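Residue numbers (UniProt numbering), protein chains in the order written: chain Y, 1 to 368; chain G, 1 to 364.
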């Protein structure tokens, strides 16, 4: 079946893809969310959450290395049988489409509050959806090319954020460490996890990576995850040393505020620039979600169901229509919370169950 | 085809015009002045709007307009002010928020929080106190041949650049920025024959102006004690009937808590200043022993001044050095049992300033 063929990607491309998918709006909002939960120990929560993501990566890698020649959506029916397998793929398809929708909605919401106060939200959403839909209909290798060219922007972003340290951080804000005990930190791990979602791209990408060995593939994944951890921990550390805890609780996007510290002669409002070019980092994650969503739907039938491009545009269209129903910010936030639960279920629980079943079947087969 | 369609759509949609700003409609507010109306609790907010006149002929003449509107909140006043003048007020360029003393003595930060809502507002604007009639100052067209806003913000900017005064960026204070210990010091302007001059800092306790101040010399020393980096600040002192001037090349401050099992006994503030000696009375050869003597006398003199500064701060109950936060961060168990705002005024605080003369400039 032609639609199910895929070009191979290199290890370096995998690294960029995973890292860029993990980066999302959470860079902006994580310090705010964590301020309420883990307080000034947020960096610790974020770090530990990254380690949890690492465990999730091992899980998917393990599962993938049992079926090295096929992607997850293709081998799921083999593990759990055809009807259940189709159902799992359907769940993945919906989950990724909703993830893409929520990400774009959240970003539009940020833009609408910060920058384009008068522009109707649906215009912004539509533009991002069109761009994402176009990118998502490409092949994995082409998507990787796009991600590679956006990589520099994420580097600029972190340099801009780190540069704020020139304006006098207060290390006292981080001390004493663990003043409230481990409880808030452990609770914060869950909330920080949404930042690391995206490594699940490996579910699909595993068989298409030209890595020397599967151990090397795991190494690349680990390296990408570590880079994401570094990114998040750094931005949390900067936010909590530059702002008081109360300010962090008040300000939903502390990073935008922090960029207002910059006072340059030639350039005004770096925060505005940051918000605008952040569209690349957000859309990069969003189109990979739509890409995965379409792939999951294509694999509803073992010999392929419909064309990838058609599924992409169908899901993008549906997601856009869905986006019109979100008017209030609180609705978006509540729905995002639900989606976070969904993430943990879809990228940790489901692969774990699949691994167990596949292990049991394998053991059974060996005995027989 | 598909690519072309996507590109066309993008071009059509990117030219959206909802959020465009017309430059000629913008009234750039340079200074916002806030005080109470008379004895009431109604806000009186003044806006110094800068514009370039005759800009079409090149160069242009900077000029400013002052408008003032009362209101129950900052936002209410902005709305009234907006309808009182054609165009729309924008705080994109606001560089200074100047507050009156009566307003400062109440709860200034509570009102200022709404500044965070101004989307386009670069929050690097500074916050300062004016001890005089705000309307009178801000309605002046020019001070010392500069527009009022250039004059006031210019003084702050250059003094800040030299490291002589605290930074006082608005963003540090609003939205609960001072929630740990809401004690701070804001730069204070006082009326002068021509306009206004900087006269040190106003001390705040619990977010309210205490009415006590430090003068300009004390301000520099307290900045150094609080950890302002050295920027060749000059310190001039007179003793033995002679003037001595040093320029700070390097400074290091440190806080130290001394405690026993009964609790906190005292806190030490140490400040090490490495300096260049600029003038030291009539010219003598600076032998090692001469320099040592100057170092010792200068250190003693500055330590005495530091004691006086701390006494003023304790009297005002203003923990400008954030010793409470220091204690909470490094000795949390010690801090937990204390009521800081009660303990602080009675606390023994020992400053120790040590001057080291690195060189004597280009002359020996």
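All C-beta atoms in this analysis are idealised placements derived from N, C-alpha and C, irrespective of residue type, glycine included. Given the structure is predicted, the values throughout are model-derived calculations rather than measurements.
- Taking the Cα of residue 312 of chain Y as reference, the smallest distance to any Cα among Y/261, Y/132 and Y/209 is reached at Y/132.
- Neighbours of residue 326 of chain G across chain Y, judged by C-beta separation under 9 Å: 172.
- Spanning the alpha carbons of residue 107 of chain Y and residue 264 of chain Y requires a straight line of approximately 26 Å.
- Beta-bridge partners assigned by DSSP to residue 273 of chain G: G/251 and G/355.
- Out of Y/79, Y/53 and Y/104, the CA that lies nearest to the CA of residue 284 of chain Y is found in Y/104.
- Between the C-alpha atoms of residue 168 of chain Y and residue 2 of chain G there is a straight-line separation of about 50 Å.
- Residue 345 of chain Y is classed as exposed because its beta carbon has fewer than 16 other beta carbons within 10 Å across all chains shown.
- For the segment 236 to 249 of chain Y, the set of residues with a beta-carbon nearer than 8 Å to any beta-carbon of chain G comprises 243, 244, 245, 246, 247 and 249, in chain order.
- Across the structure, residue 90 of chain Y and residue 282 of chain Y are spaced so that their CA atoms are roughly 24 Å apart.
- Contacts with chain Y (Cβ-Cβ distance below 8 Å) from the segment 175 to 189 of chain G involve 175, 176, 177, 178, 179 and 180, listed in chain order.
- Beta bridge pairing from DSSP links residue 185 of chain G with G/203.
- Put simply, the segment 99 to 114 of chain G touches the segment 33 to 51 of chain G. At least three CB pairs are less than 8 Å apart.
- Selection Y/56, Y/116 and Y/361 evaluated against residue 201 of chain Y yields Y/56 as nearest (Cα-Cα).
- When CB distances to chain G are screened at a threshold of 8 Å, the residues of the segment 116 to 135 of chain Y falling below it are 116, 117, 118, 119, 120, 123, 126, 127, 130, 131 and 134, in chain order.
- Scanning the segment 102 to 153 of chain G from its first residue to its last, the whole alpha helix (DSSP H) runs of 4-plus residues come out as 108 to 112 and 134 to 138.
- Under a criterion of Cβ atoms nearer than 7 Å, no residue of chain Y is adjacent to residue 86 of chain G; the nearest Cβ is some 20 Å distant.
- Residue 61 of chain Y sits away from residue 355 of chain Y, with the two beta carbons spaced by 8 Å or more.
- In this chain, the alpha helix (DSSP H) harbouring residue 220 of chain G covers 216 to 226.
- Nearest C-alpha to residue 20 of chain G among Y/116, Y/192 and Y/41: Y/116.
- In the DSSP assignment, residue 71 of chain G falls within the unbroken beta strand (DSSP E) covering 61 to 71.
- A distance below 8 Å separates the beta carbons of residue 237 of chain Y and residue 43 of chain Y.
- Taking a Cβ-Cβ cut-off of 9 Å, the neighbours of residue 6 of chain G in chain Y comprise 130, 131, 133 and 134, given in sequence order.
- In terms of CA proximity to residue 182 of chain Y, Y/48 leads the group Y/48, Y/29 and Y/13.
- Taking the CA atoms as reference points, residue 319 of chain Y sits about 10 Å from residue 94 of chain Y.
- Under DSSP, the beta-bridge partners assigned to residue 197 of chain G are G/190.
- By the neighbour-count criterion, in which 16 or more other beta carbons inside 10 Å mark a residue as buried, residue 260 of chain G falls on the exposed side.
- A buried status is given to residue 323 of chain Y, since no fewer than 16 other beta-carbon atoms sit within 10 Å of its beta-carbon.
- Assignment of residue 325 of chain Y by DSSP, reduced to helix, strand and coil, places it in the coil class.
- In chain order, 175 make up the part of chain Y whose C-beta sits under 7 Å from the C-beta of residue 330 of chain G.
- Scanning G/324, G/150, G/218 and G/242 for the CA closest to the CA of residue 256 of chain G turns up G/324.
- The beta-carbon of residue 18 of chain G is placed less than 8 Å from the nearest beta-carbon of chain Y.
- DSSP assignment within the segment 282 to 323 of chain Y yields the following whole alpha helix (DSSP H) runs of 4 residues or more, N-terminal first: 308 to 323.
- The C-beta of residue 346 of chain G has fewer than 16 other C-beta atoms within 10 Å across all chains shown, which makes the residue exposed.
- With fewer than 16 other beta carbons inside 10 angstroms of its own, residue 348 of chain G counts as exposed.
- Between residue 77 of chain G and residue 27 of chain G the beta-carbon gap is near 14 Å, outside 8 Å, which marks them as no contact.
- Residue contact with chain G for residue 260 of chain Y: present (Cβ-Cβ distance below 8 Å to some residue of chain G).
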